[in-house]
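Notes for the one structure printed next.
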Amino acid sequence: MRSQLLAAALVCALGTHGQSERINSFHTDLTVSPDGRLTVTEEINIHAEGNEFKRGIVRRLPRTFTDHTGRQHRVSYELTSVLVFGANSPYHTATEGDDFVLYVGSEGNFLDPGDYPYSITYVTKGQLGFFPEFDEIYWNVNGNGWGFDVDSISALIHLPAAARVKQTACYTGVMGSTESACEATIVDGHTVGFRGRPLGYYEGLTVAVGFQKGVVPEPPPPTYWEENAVPLVGGGITLLLLLYYFFTWSRFGRDPERPTVIPLFEPPDGLSPASVAMVMKGRYDNDQITPAMISLAVKGHIRIAERTQEALLGLVKSRTYTIVKVKAGEGLPREEQELLNRMFVGGRKECVIDGTYDPNVKLMASEFRGRLRGQWHGFLTKGDNMRFWWIPILLVIACAVGLIILHNIYWGGNDLPYILGFIVVNVILFLLYRFLIKRPSEAKQALRSKLLGFKMYLGAAEEKQLQHFNPPAMTPEVFEKYLPYAIAFKVERIWGERFQSMISNALVDPDYRPGWYSGNIGNFGSFSSHMNSSFGSSVQSSSTPPSSSGGSGGGGSSGGGGGGGGGGAGVAPGHPARGGAAGAAGGLPPAYLKARVRLFGGPMTSFFQRLGWERKRRSGSRAVSASTGRVSKTSVCSAMSLPMSKAMMDESLR
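Note that the sequence shown covers residues 175 to 828 in my numbering.
In structure tokens:
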């Protein structure tokens with residue numbers, strides 16, 4: 175009983191396999207006209223089961239051809255008939271990236287299970303290879319983009335009556351394969367037939383026929399402009415931009431002379447510590463809130479209590495800062511007043527900062543940032559000459575797009591390095607220009623010189639370095655008063671060590687402790703640095719919301735030559751395909767191709783495809799030695815010649 179069930183299951187499986195969707199036969203009849211036009215008729219017989227083949231078939235044909243010199247150019251297709259069962263079939267066409275796509279079938283007409291013979295006839299031009307010794311048709315019969323088995327594949331190539339076949343070659347397999355499981359038969363002096371082995375998924379048959387020169391007129395070589403349009407335009411625009419950069423910089427970007435820096439012993443113009451940090455940095459930085467908070471403490475408006483907890487045998491320390499309000503603000507700088515108000519909003523008397531996110535601390539930091547930026551934005555940005563940035567930005571973008579369009583119009587094979595070079599060079603030049611064109615105002619230069627003089631005083635390692643300028647004596651009051659400014663200048667450790675040396679020399683009471691701070695002080699040099707690093711880090715951490723984490727952490731070959739492309743079921747485009755010289759099989763799914771086409775459109779899509787988003791075109795026809803399999807840069811036709819009798823060919827094509 176069990177053996178009978180197994181036998182029945184095997185019969186069902188074999189029956190199902192026999193009825194799987196496939197291409198029963200694919201035959202191409204190609205005629206080369208004396209003017210170089212190709213008339214192609216493709217007879218495609220499929221077996222549909224309603225799985226992939228739902229409404230019909232999709233045929234993709236590449237829109238580019240690469241000649242033996244490596245130069246690429248556009249080709250087009252003119253449909254003359256689309257038939258199924260010998261009658262006209264509904265269809266529509268589309269251009270998707272580098273493909274001309276033919277959709278055969280209608281949206282509301284679903285295929286019943288069975289065999290369907292399709293016939294597609296089209297005319298194309300510009301897909302012949304012109305070599306020094308001969309001319310050639312190098313054709314990808316079915317394209318390597320079909321995701322189906324092909325039971326039978328063949329081709330018949332008709333040359334002009336005046337032509338004589340000089341050599342033939344054929345290749346089978348996946349893209350790039352040099353397998354030659356195929357036969358070529360010279361039917362007569364100007365007709366050659368080919369037949370390949372049954373093909374699997376994404377396999378193709380590529381054929382080549384060489385014939386004497388002069389039968390088909392060779393197209394004229396590209397003009398100098400067509401050959402060099404991209405580098406000429408790109409180089410000219412770059413030169414114009416260099417002249418623009420030099421003129422605007424020499425006229426508006428030269429920095430005014432900075433006044434001589436001399437030591438100052440108090441902040442110029444009564445600037446607050448946060449304002450000092452803002453002017454020196456030239457923009458807002460998150461650590462500018464630290465000197466403002468220390469300034470509030472030194473002025474007696476708040477008191478800071480630090481508590482340290484140890485964990486893991488003292489290897490890990492956590493610090494908690496409790497800020498207690500001592501008195502209301504009066505006569506404070508605007509950003510410090512805003513900071514004090516937000517710190518104790520709603521009548522609170524203390525604020526705890528322990529490094530964990532607190533929305534109140536975030537709001538406090540945000541309002542402080544807005545207030546400080548509002549005060550200094552106009553002063554700091556005056557002279558940045560941003561109005562001169564837009565011309566080169568827009569010109570470079572427009573020119574880059576224009577070069578891509580030129581590349582697609584003239585289709586120069588060596589244009590991509592020029593386009594990429596233009597973009598890279600002009601981005602570098604613009605970044606340099608953006609740095610040089612900034613011209614600080616004279617008022618800003620004067621203020622920065624004064625601030626540098628004040629920093630010279632606070633950052634001097636020894637007071638005797640400034641004795642010539644008669645600095646004020648270092649006292650606890652002076653130390654505390656200017657500690658926030660030392661933090662703003664990033665010289666707080668030097669300032670603290672100078673004060674510590676006064677204690678060491680018994681010039682200051684060794685029991686002195688700041689009244690606004692409660693915690694371990696130790697050395698005043700490390701204390702000053704600690705107030706900037708640890709306290710400032712805790713404030714910034716408490717004002718930063720936690721971020722969510724994410725996780726992502728011969729020379730010829732099958733697929734080469736003109737024609738090619740691919741196809742698939744009539745529901746969606748089949749696996750996109752590309753040819754070698756003109757197109758061969760690719761490997762990108764249809765959804766990806768469609769999305770890319772919608773995003774970039776025609777010329778942009780074609781350009782980015784050449785940057786490696788799909789398999790690159792073969793740079794020209796090559797040959798494989800039949801005996802060694804080595805690749806040589808000659809015609810694929812010279813790879814092998816497999817003449818057979820006419821009778822044998824007729825039999826093989828039946």
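Glycine is no exception: its CB is placed at the ideal position from the N, C-alpha and C atoms. All values derive from a computational prediction rather than experimental measurement.
*Which ranges would you report for the alpha helix (DSSP H) in the region 606 to 637 if only whole runs of at least 4 residues count?*
616 to 632
_Does the region 622 to 634 come into contact with the region 657 to 667, if we say contact requires no fewer than three beta-carbon pairs (one atom in each stretch) closer than 8 angstroms?_
yes
_For F368, the residue or residues it bridges with in DSSP_ = In the sequence shown, residue 368 corresponds to position 194, counting from 1. Paired residue(s): A329 and A358.
*Considering only the beta carbon of each residue, do Y659 and P442 sit closer than 8 angstroms?*
On the sequence shown, residue 659 is found 485 positions in, with the first residue counted as 1. On the sequence shown, residue 442 is found 268 positions in, with the first residue counted as 1. Not a contact, by the Cβ cut-off of 8 angstroms.
*Indicate the three-state DSSP secondary structure (helix, strand or coil) for Y656 in the structure shown.*
Position 482 of the sequence shown holds residue 656. If DSSP states are grouped into helix, strand and coil, Y656 belongs with the helices.
_Close beta carbons around C186, own chain, < 8 angstroms, minus the five adjacent residues each side_ = Numbered from its first residue, the sequence shown carries residue 186 at position 12. With a pLDDT of 45 at C186, under the threshold of 50, the modelled position of that residue is not reliable, and the figure given next carries that caveat. Closer than 8 angstroms at the Cβ level, and outside the excluded window around C186, lies no residue.
*asked:* Using C-beta distances below 6 angstroms, list every residue in its chain close to V324, excluding the 5 sequence neighbours before and after it, in chain order.
replied: By 1-based counting over the sequence shown, the position of residue 324 is 150. The answer, listed in chain order, is I197, F200 and L373.
*Between the region 512 to 519 and the region 552 to 572, do at least 3 Cβ pairs fall closer than 8 angstroms?*
no
*So V315 and L379 are in contact, right, with Cβ under 8 angstroms, and what is the actual spacing, rounded?*
Mapped onto the sequence shown, residue 315 falls at position 141. Mapped onto the sequence shown, residue 379 falls at position 205. So it is a contact: roughly 4 angstroms between Cβ atoms.
*Note down, in chain order, each residue of its chain lying with its Cβ closer than 6 angstroms to the Cβ of Q714, except the 5 sequence neighbours on either side.*
Against the sequence shown, residue 714 aligns to sequence position 540. So the list reads N460, once near-sequence residues are dropped.
*Just tell me which of A222, V256, N262 and F368 has its CA closest to the CA of L204.*
Translated into positions along the sequence shown, residue 204 becomes position 30. For L204, the nearest C-alpha among the options comes from F368.
*Straight-line Cα distance separating I597 from I476*: Counted from its first residue, the sequence shown places residue 476 at position 302. Counted from its first residue, the sequence shown places residue 597 at position 423. Rounded to the nearest angstrom, the two C-alpha atoms are 55 angstroms apart.
*Can you tell me whether DSSP reads I436 as helix, strand or coil?*
Position 262 of the sequence shown holds residue 436. The answer is coil: DSSP assigns I436 none of H, G, I, E or B.
_Start and end residues, beta strand (DSSP E) containing I231_ = One-based indexing of the sequence shown puts residue 231 at position 57. Counting along the chain, the beta strand (DSSP E) containing I231 begins and ends at I231 to P236.
*Are at least three pairs of beta-carbons, each pair with one atom in the region 295 to 311 and one in the region 389 to 407, less than 8 angstroms apart?*
yes
*Identify which residue in A451, P291, Y277 and F308 has its Cα closest to the Cα of A222.*
Translated into the one-based positions of the sequence shown, residue 222 becomes position 48. Considering only alpha carbons, the answer is P291.
_Distance between I411 and W297 (C-alpha atoms, nearest Å)_ = On the sequence shown, position 123 is the one that residue 297 refers to. On the sequence shown, position 237 is the one that residue 411 refers to. Rather than Trp, the amino acid found at residue 297 in this sequence is Val. Going from the Cα of V297 to the Cα of I411 covers about 40 angstroms.
*If you pair each beta-carbon of the region 214 to 231 with each one of the region 274 to 286, do three or more pairs fall below 8 angstroms?*
yes
_Cβ contact (3+ pairs, closer than 8 angstroms) linking the region 425 to 434 and the region 607 to 625_ = yes
*Taking only the alpha-carbon atoms, compute the straight-line gap between S194 and I218 and give it to the nearest angstrom.*
The count along the sequence shown starts at 1 and reaches residue 194 at position 20. The count along the sequence shown starts at 1 and reaches residue 218 at position 44. For S194 and I218, the distance between alpha carbons rounds to 16 angstroms.
_I need the DSSP call for T482, collapsed to helix, strand or coil._
Position 308 of the sequence shown, counted from the first residue, corresponds to residue 482. Note: T482 maps to strand in three-state DSSP.
*According to DSSP, what are the bridge partners of W353?*
By one-based count along the sequence shown, residue 353 stands at place 179. Here residue 353 is Glu; the residue named in the question, Trp, does not match the sequence. Its beta-bridge partners are T346.
*From L537, S207, R338 and E216, pick the residue whose C-alpha is nearest to that of T718; which is it?*
The count along the sequence shown starts at 1 and reaches residue 718 at position 544. Of the listed residues, the one whose Cα sits closest to T718 is L537.
*alpha helix (DSSP H) containing G408: first to last residue?*
The count along the sequence shown starts at 1 and reaches residue 408 at position 234. That run of the alpha helix (DSSP H) goes Y398 to T422.
*Which class does R457 belong to by DSSP, given the choice of helix, strand or coil?*
The residue labelled residue 457 in the question sits at position 283 within the sequence shown. Here R457 sits in coil by DSSP.
*Determine, using beta carbons only, whether F673 and T464 come nearer to each other than 8 angstroms.*
Within the sequence shown, residue 673 is the residue found at index 499, counting from 1. Within the sequence shown, residue 464 is the residue found at index 290, counting from 1. No, the pair does not count as a contact, with Cβ atoms beyond the cut-off.
*asked:* I'd like to confirm the pairing. Which residues does DSSP put opposite E524 in its beta bridges?
replied: In the sequence shown, the residue the question calls residue 524 occupies position 350. Answer by DSSP bridge pairing, in chain order: V498.
*Report the residue from V258, T243 and G384 whose alpha carbon sits nearest the alpha carbon of F308.*
As a working mapping, residue 308 is identified with position 134 in the sequence shown. Closest by alpha carbon: G384.
_Boundaries (first-last residue) of the alpha helix (DSSP H) holding P306_ = For the purposes of this step, residue 306 is identified with residue 132 of the sequence shown, where counting begins at 1. Careful: P306 lies outside any alpha helix (DSSP H) and carries neither H nor E.
*Flag this pair as yes or no: are the beta carbons of L613 and F426 separated by less than 8 angstroms?*
By 1-based counting over the sequence shown, the position of residue 613 is 439. By 1-based counting over the sequence shown, the position of residue 426 is 252. The sequence given here has Arg at residue 613, not Leu. Yes, the Cβ-Cβ distance between R613 and F426 is below 8 angstroms.
*Which stretch, first to last residue, makes up the alpha helix (DSSP H) that contains T464?*
As a first step, residue 464 is located in the sequence shown; it is residue number 290 there, counting from the start. Element bounds for T464: I463 to V472.
*asked:* Please state the DSSP three-state secondary structure of H242.
replied: Residue mapping note: residue 242 aligns to position 68 of the sequence shown, counting from 1. Of the three classes helix, strand and coil, the one that applies to H242 here is coil, per DSSP.
*When the distance is taken between beta carbons, is L506 closer than 8 angstroms to M467?*
Along the sequence shown, read from residue 1 onward, the residue named residue 467 stands at position 293. Along the sequence shown, read from residue 1 onward, the residue named residue 506 stands at position 332. Their beta carbons are not under 8 angstroms apart, which means M467 does not touch L506 by this criterion.
*In whole angstroms, what is the alpha-carbon distance linking Y691 and R493?*
As a working note, residue 691 is residue 517 in the sequence shown. As a working note, residue 493 is residue 319 in the sequence shown. Between Y691 and R493, the C-alpha separation is close to 14 angstroms.
*Bridge partners of L253, per DSSP?*
Indexing the sequence shown from 1 puts residue 253 at position 79. In DSSP, L253 forms a bridge with Y296.
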